[in-house]
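Protein chains in written order, with the working numbering: chain A, 1 to 278; chain B, 1001 to 1133.
Worksheet for the structure shown next.
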Amino acid sequence: MNTMNEKVANFIHEHLDDILPDWQEKLSGIDEEGSFQMLSADMRRQTSREFAELMLTNLSESHQAYENRLNDFSEKVVRLGWSITFVTRAVDLFAEHIFLVMEEKGFINKDDVRAYVEVFANWLRPMRNSIIEAYSKTWERTVSLQKIALQELSASLIPVFDKISVMPLVGTIDTERAKLIMENLLQGVVKHRAEVVLLDITGVPVVDTMVAHHIIQAADAVRLVGAKCMLVGIRPEIAQTIVTLGINLNDFTTTSTLQRGVEQALALTDRKIVEVEE
Amino acid sequence: MSNQSSVEILTEWDIVAARQLGRNVAKELGFGTVDQARITTAISELARNIYLYAGQGKIEIQRVTEKGLNGIMIIATDNGPGIPDIRKVMEDGFSTSGGLGAGLPGVKRLMDDFRIDTNLGEGTDIRATKWLR
């Protein structure tokens, strides 16, 4: 079997320069999203050569060498934005094309067709699987990195004046984020010795009962550590939906904008902003 | 005339997708910002109920026309456990999950028409419509 693998590999090596242009043309044919044609001609040539060499490594070299190459390649392909359908189709097309050329050149004859079909199948199956695996791994990593990035921007408590801190909330609040908000809020209040905390919800698109529930809980917890929580940045449409939903925010001081909230917070701590006379 | 699109609710993030879809349709139909907020909040409540209580289900957004009025209908369906006592869940302040208990009665107030069909062990079908006036 191994000798047959080598035979195929040698054949591809010899004819690679003939095979590549035809294969590239076929690839352009199946490229519905335009992610292949978008590349420059040079880049196309280079990438398809890399792809072909990767497939050859799988056929002729050690498993380790192949895995290293595969990881590099799949990462590159994900960066280029190729879809997984396109890549697996490309693998199939490559094999189909080589088979065709082999038949044309009389490399394969009637007697050993079956054996070669088997060689091809054994070559392609693990290849396709590992491509899919490498692909999903790369995506998983991207997603988890983005999740971390999102968490980092999630909820930070910013001290703006002595005893006054602001937490601006931007985007959707889900359960995980609500927990984070609560933790950061409490830690921050203690750390900055805040007496008043302003929760700014200007950037929260929808305030439903769950979001309101989390905000109320957070405010209660802030009260327990001895500070006061104000809800600021309530847009008119949000105010209306809160009222219609029947959510009780009577225990809160609320204001429409952060600016008014800061003024009130200063008043609560017996201070105010004055203009300096020249 | 009916023109609909839907979002499967499988994870918490699908709630955001459903909401976005509803907001886009509401905007296209010409609802103002306050009504848009009402509609998206209602979708948010219904989608969250599916996620919390049924595990999975579907939110459909449908454009409807009746008696010369245009409107948007939210259809929330699931094959979850169903609701044992509808009267109770429509009461303000009733919650089995420690929430505020304003979800379903809130949705009813946010929208114009509200209909709920539920069978124990079979699932729930909630339809809520807002008319463009």
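Just so it is clear, CB atoms sit at the ideal spot from N, CA and C, and this is done for glycine as well.
Being a predicted model, the structure only gives us computed values, none of them experimental.
- Look at the stretch 215–245 of chain A and you find these whole runs of alpha helix (DSSP H), each 4 residues long or longer: 236–245.
- Cβ-Cβ separation between residue 127 of chain A and residue 91 of chain A: approximately 6 Å, consistent with a contact (criterion under 8 Å).
- Taking a contact to require three or more Cβ pairs closer than 8 Å, the stretch 229–238 of chain A and the stretch 196–210 of chain A qualify as touching.
- The CB of residue 238 of chain A comes closer than 7 Å to the CB of 1037 in chain B, given here in chain order.
- Across the structure, residue 76 of chain A and residue 30 of chain A are spaced so that their CA atoms are roughly 20 Å apart.
- The DSSP-derived three-state label of residue 184 of chain A is helix.
- Between residue 274 of chain A and residue 242 of chain A, the beta carbon gap of about 34 Å keeps them out of contact (Cβ cut-off 8 Å).
- Only those residues of the stretch 12–31 of chain A whose C-beta falls short of 9 Å from the nearest C-beta of chain B would be listed, and there are none.
- Secondary structure within the stretch 145–201 of chain A: the alpha helix (DSSP H) runs of 4 or more consecutive residues, fully enclosed, are 175–191 (chain order).
- Relative to residue 202 of chain A, the option among A:140, A:9, A:254 and A:188 whose CA is nearest is A:254.
- Looking at the DSSP output, residue 1005 of chain B shares a beta bridge with B:1061.
- When rounded, the separation of the alpha-carbon atoms in residue 38 of chain A and residue 19 of chain A is 21 Å.
- Contact between the stretch 141–150 of chain A and the stretch 257–273 of chain A is absent: fewer than three C-beta pairs spanning the two stretches fall below 8 Å.
- For residue 1012 of chain B, the C-beta contacts it makes with chain A under 7 Å involve 174 and 175, in order along the chain.
- For residue 1093 of chain B, there is no enclosing beta strand (DSSP E), as DSSP marks it with neither H nor E.
- Neighbours of residue 1110 of chain B in chain A, taken as residues whose beta carbon is under 9 Å from its own, are 241, 244 and 245 in chain order.
- Close partners of residue 1106 of chain B in chain A (Cβ separation under 9 Å): 208, 209, 241, 244, 245, 246 and 247.
- Counting of Cβ neighbours within 10 angstroms places residue 187 of chain A among the exposed residues, the total staying below 16.
- For residue 86 of chain A, the enclosing alpha helix (DSSP H) stretches over residues 84–104.
- Proximity of the stretch 167–181 of chain A to the stretch 130–145 of chain A falls short of the contact definition, fewer than three beta-carbon pairs being nearer than 8 Å.
- Listed in chain order, the positions of the stretch 1016–1042 of chain B with a beta carbon within less than 7 Å of a beta carbon of chain A are 1016, 1019, 1033, 1034, 1037, 1038, 1040 and 1041.
- Here residue 1106 of chain B is actually not in contact with residue 249 of chain A; their C-beta atoms are around 14 Å apart, not less than 8 Å.
- The alpha-carbon of residue 180 of chain A is positioned some 12 Å away from that of residue 215 of chain A.
- Between residue 1056 of chain B and residue 1091 of chain B, the CB-CB gap reaches or exceeds 9 Å.
- For the pair residue 222 of chain A and residue 184 of chain A, the Cα-to-Cα distance works out to about 11 Å.
- Going by beta carbons, residue 1047 of chain B and residue 1023 of chain B fall outside the 9 Å limit.
- Cβ neighbours of residue 58 of chain A within its own chain (closer than 7 Å, five residues either side excluded): 66, 123 and 127.
- Interface flag for residue 1078 of chain B against chain A is unset, since no Cβ pair is found closer than 9 Å.
- A direct Cα-Cα distance of roughly 16 Å separates residue 133 of chain A from residue 55 of chain A.
- Looking at B:1095, B:1073, B:1017 and B:1125, the one whose alpha-carbon comes closest to that of residue 1113 of chain B is B:1073.
- Residue pairing from DSSP leaves residue 52 of chain A without any beta-bridge partner.
- Per the C-alpha coordinates, the member of A:111, A:99 and A:107 positioned closest to residue 120 of chain A is A:99.
- The beta carbon of residue 1040 of chain B sits closer than 7 Å to the beta carbons of 1019, 1022 and 1023 from its chain, once the five residues preceding and following it are set aside; these are given in chain order.
- Per DSSP, residue 1015 of chain B is one residue of the alpha helix (DSSP H) stretching across 1012–1029.
- By the rule that beta-carbons nearer than 9 Å mark a contact, residue 1085 of chain B does not touch chain A.
- Boundaries of the alpha helix (DSSP H) around residue 1035 of chain B: 1033–1049.
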